[in-house]
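Have a look at the structure below before the remarks.
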Amino acid sequence: MTFCSIFVFPNNKLYAVKFDGETQDEYQKAFNQWQDVEYLHDFFEEHKADLENGFYNCPSVDEAIAQTLKESREFEQRIRALCKQEKNNLNDVIFRPLNKKETKIELQQNKAYGMGNSRSWLRLYAIRLSQSIYFVTGSAIKLTATMSEREHTKKELEKLTKVAQDLKDEGIIEEDDFGYLEIQNQ
């Protein structure tokens, strides 16, 4: 596993995990998949019951694809714009604790909604190291109320846990430890 820089600004530092054997880091992978019509078609066909009857009640695969294409472009643009701002931190506008009761910042599991609200099915998942440092561990199109309902979202929970544990094992538990971490530039 390696860590890749995505956006590095004074108030916002966004990195992504690149798992061994993968060609892309998790941030690139998310936005590439969300812009791949064939991938989206296969995904929504496989999860058609969730799409039509589940949490979002989207009437068709074609509408879901169109919505995902539009929303993912806007989501990435929003992240890019917010990272550049000095007055906002990623935690103020993009990321939220995965567990609403979690108050400890170090190695906190976080999620980001596609349109900034819970009505989006696009999710980025990240480990928060400090007020301004996040590591994207994965992503999902979440069509159910909880992550434990589907294998692809369960896998994202496992990745969050693994990355947090690996950082902890390496002694990277707060911002002061960050300098010991090897980061690849994109």
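The opening residue of the sequence shown carries number 27 in the numbering used here; numbering runs sequentially from there.
Note that the Cβ used here is the ideal one computed from N, Cα and C, for glycine as well.
From a predicted model like this one, the values you see are computed outputs, not experimental measurements.
May I ask which residues mark the beginning and end of the alpha helix (DSSP H) holding residue i?
i	result
Ala-171	Per DSSP, Ala-171 belongs to no alpha helix (DSSP H) and is neither H nor E.
Leu-193	177-195
Assuming the contact rule is C-beta atoms closer than 8 Å, residue i and residue j should be a hit. Round their C-beta distance to whole Å, please.
i	j	result
Phe-70	Ala-92	Not quite, the Cβ-Cβ distance comes to about 11 Å (not below 8 Å), so this is no contact.
Gly-80	Thr-170	6 Å
Leu-40	Val-162	7 Å
Phe-29	Leu-207	6 Å
Leu-183	Leu-133	With a Cβ gap of about 14 Å, Leu-183 and Leu-133 do not count as contacting.
Taking the DSSP output, what are the residues bridged to residue i?
i	result
Gln-210	Cys-30
Ala-138	Phe-121 and Leu-150
Between which two residues does the beta strand (DSSP E) carrying residue i extend?
i	result
Phe-161	159-167
Arg-154	148-154
Quick check: the stretch 149-162 against the stretch 108-118, are at least 3 beta-carbon pairs closer than 8 Å?
yes
Starting from the N-terminal side, write out each stretch of the alpha helix (DSSP H) that is 4 residues or longer and does not extend beyond the stretch 107-136.
116-119
Suppose only complete runs of 3+ residues qualify. What are the beta strand (DSSP E) ranges in the stretch 38-86, listed by chain order?
39-44
Within 8 Å, do at least three Cβ pairs link the stretch 155-171 to the stretch 197-208?
yes
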